[in-house]
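Respectively, the protein sequence lines represent chains A and B.
Each residue of the first sequence is one higher than the one before, counting from 1 in this note's numbering.
Each residue of the second sequence is one higher than the one before, counting from 1001 in this note's numbering.
There are 2 protein chains.
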Amino acid sequence: MRAALECFPCYYSQILKTARMMSLTEEQTREAIARFSGLLPGLPDSATPAGIGRELYLILSELSGDPDPYRGIKAHCTRLALDMYPKMKERVRSSRDPLKEALRIAVAGNFIDFGTSEQVNLKAGLEEVLDQEFFIDHYEELRDHLDKVDEVLMLGDNAGETVFDRVLIEELGKPVRYVVREAPMINDAVREDAVMAGIDRVAEVISSGCVAPGTIRRFCSAEFWQTMQDAQLIISKGQGNFEGLSDESLPIFFLLKAKCVAVAREIGVPMGSLLLLSPRRKSCTADSG
Amino acid sequence: MRAALECFPCYYSQILKTARMMSLTEEQTREAIARFSGLLPGLPDSATPAGIGRELYLILSELSGDPDPYRGIKAHCTRLALDMYPKMKERVRSSRDPLKEALRIAVAGNFIDFGTSEQVNLKAGLEEVLDQEFFIDHYEELRDHLDKVDEVLMLGDNAGETVFDRVLIEELGKPVRYVVREAPMINDAVREDAVMAGIDRVAEVISSGCVAPGTIRRFCSAEFWQTMQDAQLIISKGQGNFEGLSDESLPIFFLLKAKCVAVAREIGVPMGSLLLLSPRRKSCTADSG
């Protein structure tokens, strides 16, 4: 999906917020604003929000001199999520439809995102999301598709959310390859975050080769893109992956919360909607089925 | 004052809002974003919010092909304000301190600003501001200074607000030169707006030569800047004039509402504060006297 007009004020708010998080000085933050602004006129018309967010973060990261300034936050979120893991497993066990419940838990975990939300009160926020119905729910289609495939490729999103993804992986009943970013990008999961969440015990952890807050074809490794093309079923978590992949013709089920007006409008749903979108119906306006 | 970090997200929000107001297409708005972004790296470090706002508006105005897209809005605001003029005059007449009441009315009029507020419900908003106390009030000093001068230079701000400025002019008891922008800039008052408000009947209307949402020395005509330097007493209305003039050493009393976090922090007051600042104490943090 192409970056929306509303993305631009948001980028600058993100620069300020992320710069504070990285403890950049005011002058460094001004330098980041100037460098990022200088890039914008040269971007291709089709640039995705995640692709532009990548540029923003790389500038901030370079100025901070720390290749992984969110390391502590990511570990903190993962620990909090691990504390909740037994309760999540219990929810799945006691559910009439464990796979459905695991999908709900996995999308609930998607609310952990320092890129779009100022602060996260993990446990309270999670309970709220767990009580929310999917606005678009192509669950039947996912279940049918899952029955027919030999394995699943799952695209991870944020660290911490990884623990909730693990709950889903454990219910899929198929071998899973779990995809992480190649290198730190905001609070997105890299290999060590997936390992800390215990994903490596239930899936093969692989890298997309991509250093962006999403999965964007031109930044992925050739090897990984071949894996995408060969995949029988892909489950993509979160907005960033959706932004990069929404125009690709691949068997992708998107599992996400529409956290901002640009993505909500692109899909045609209210902001805050929980979504499970099938590959055939990525974009729906009046389907809450 | 120098543009604050918070100004940058705000510029992009203003581009979107103003582009909608001007009925620009999405592609024109993207063009405006690209052109404006391209300018930012080249701006001097000392650029003021009003100076950067000027660039933004000139780009949008050029793309719209209309040199005065706020013409209708300005006339509408002026008519609404003229409807309220008799009531304002009555407030002044029945006040124990008519000059003080006229200052309050003039600063209340400053809340008319499409640059910083999404929508204006003129009458309701005005009543609210009229009930608000000044957070910093150097009234005694202004009154004493006024006694000693032969004339006053008053720097206008938005159209509509001009009518409230007229109420103040009528209480100053000295000849007034009232300063407007040289050419349309958002909803700022130009000569025709001042004339529509009846200012020409109570003051001499002159141009600053400046085409910016404020009074910025380097954009003013040499003739006008000489007038500034010769002035015995200047009353400056609104944020835009403050932003451009806060670092000048001139006998300026600033009469404004601190509408945004950047200006409020620069002055050291809560957002939304009504302010009458003397030239000697432009910046105060703990003075509500």
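Cβ coordinates follow ideal geometry from the N, Cα and C atoms, glycine included.
Nearest CA to the CA of residue i: which residue from the options?
| i | options | result |
| --- | --- | --- |
| Met-21 of chain A | A:Ala-34, A:Ile-186 and A:Val-163 | A:Ile-186 |
| Asp-247 of chain A | A:Ala-4, A:Ala-34, A:Thr-48 and A:Ala-32 | A:Thr-48 |
| Val-1180 of chain B | B:Val-1202, B:Gly-1156 and B:Lys-1174 | B:Gly-1156 |
| Arg-217 of chain A | A:Val-202, A:Phe-242 and A:Ile-199 | A:Phe-242 |
| Leu-1060 of chain B | B:Leu-1039, B:Thr-1018 and B:Ile-1252 | B:Thr-1018 |
| Val-1129 of chain B | B:Phe-1111, B:Gly-1053 and B:Leu-1142 | B:Phe-1111 |
| Met-1 of chain A | A:Ser-46, A:Ser-23 and A:Pro-41 | A:Ser-46 |
| Gly-1072 of chain B | B:Asp-1188, B:Pro-1270, B:Arg-1280 and B:Glu-1266 | B:Asp-1188 |
| Ala-1034 of chain B | B:Pro-1044, B:Ala-1050 and B:Glu-1055 | B:Glu-1055 |
| Ile-1235 of chain B | B:Val-1261, B:Leu-1153, B:Glu-1161 and B:Arg-1177 | B:Leu-1153 |
| Asp-1131 of chain B | B:Val-1107, B:Asp-1147, B:Ala-1231 and B:Leu-1080 | B:Val-1107 |
| Ala-1124 of chain B | B:Asp-1137, B:Ser-1094 and B:Ala-1081 | B:Ala-1081 |
| Thr-1029 of chain B | A:Phe-36, A:Pro-41 and A:Ala-102 | A:Pro-41 |
| Leu-63 of chain A | A:Phe-36, A:Leu-146 and A:Glu-127 | A:Phe-36 |
| Glu-1161 of chain B | B:Arg-1096, B:Tyr-1085 and B:Glu-1266 | B:Tyr-1085 |
| Ala-1203 of chain B | B:Met-1196, B:Met-1228, B:Ser-1221 and B:Arg-1177 | B:Arg-1177 |
| Val-1092 of chain B | B:Lys-1148, B:Ile-1169 and B:Asp-1230 | B:Ile-1169 |
| Arg-280 of chain A | A:Cys-7, A:Ala-222 and A:Asp-137 | A:Asp-137 |
| Cys-308 of chain A | A:Gly-268, A:Ile-267, A:Leu-274 and A:Cys-260 | Summary: the structure shown does not reach residue 308 of chain A, with chain A confined to residues 1 through 289, and so no result is reported for it. |
| Gly-1065 of chain B | B:Ser-1023, B:Leu-1146 and B:Ser-1013 | B:Ser-1023 |
| Ala-194 of chain A | A:Ile-105, A:Asp-165 and A:Ala-222 | A:Asp-165 |
| Lys-1148 of chain B | B:Ile-1267, B:Ala-1231 and B:Ser-1249 | B:Ala-1231 |
| Ser-1249 of chain B | B:Gln-1229, B:Pro-1067 and B:Ile-1267 | B:Gln-1229 |
| Glu-304 of chain A | A:Leu-146, A:Asp-97, A:Asp-144 and A:Lys-87 | Here chain A covers residues 1 to 289 and nothing more, so residue 304 of chain A does not appear. |
Mapping DSSP to helix, strand and coil, what is residue i?
| i | result |
| --- | --- |
| Tyr-1178 of chain B | strand |
| Val-1129 of chain B | helix |
| Ile-219 of chain A | Here the sequence assigns Phe to residue 219 of chain A, which means Ile is not the residue at that position. Phe-219 of chain A falls in the helix class under three-state DSSP. |
| Leu-24 of chain A | coil |
| Asn-241 of chain A | helix |
| Ile-15 of chain A | helix |
| Met-196 of chain A | helix |
| Val-211 of chain A | coil |
| Lys-1259 of chain B | coil |
| Glu-204 of chain A | strand |
| Ser-273 of chain A | coil |
| Ser-1236 of chain B | strand |
| Leu-1153 of chain B | strand |
| Ile-252 of chain A | strand |
| Asp-1292 of chain B | Given a span of 1001 to 1289 for chain B in the structure shown, any question on residue 1292 of chain B remains unanswerable. |
| Asp-1137 of chain B | strand |
Could you tell me whether the Cβ atoms of residue i and residue j are closer together than 8 Å?
| i | j | result |
| --- | --- | --- |
| Lys-1074 of chain B | Val-1167 of chain B | no |
| Val-291 of chain A | Gly-109 of chain A | Not covered by the structure: residue 291 of chain A. The range shown for chain A is 1 to 289. |
| Ala-258 of chain A | Gly-272 of chain A | yes |
| Phe-1219 of chain B | Ser-1207 of chain B | no |
| Glu-1171 of chain B | Leu-1099 of chain B | yes |
| Ile-15 of chain A | Ala-3 of chain A | no |
| Ser-5 of chain A | Glu-1192 of chain B | Contrary to the premise, residue 5 of chain A reads as Leu rather than Ser in this sequence. No, Cβ-Cβ distance for Leu-5 of chain A and Glu-1192 of chain B is not below 8 Å. |
| Ala-159 of chain A | Thr-78 of chain A | yes |
| Pro-1251 of chain B | Leu-1233 of chain B | yes |
| Tyr-139 of chain A | Leu-276 of chain A | yes |
| Asp-150 of chain A | Lys-174 of chain A | yes |
| Val-205 of chain A | Glu-182 of chain A | no |
| Phe-1253 of chain B | Leu-1142 of chain B | yes |
| Pro-1184 of chain B | Tyr-1070 of chain B | yes |
| Pro-270 of chain A | Ala-262 of chain A | no |
| Leu-1058 of chain B | Ile-1052 of chain B | no |
| Gly-1198 of chain B | Ala-1050 of chain B | no |
| Leu-1274 of chain B | Phe-1134 of chain B | yes |
| Pro-9 of chain A | Ser-1013 of chain B | yes |
May I have a chain-ordered list of the alpha helix (DSSP H) segments no shorter than 4 residues that lie completely inside the stretch 67-120 of chain A? 71-93 and 98-109
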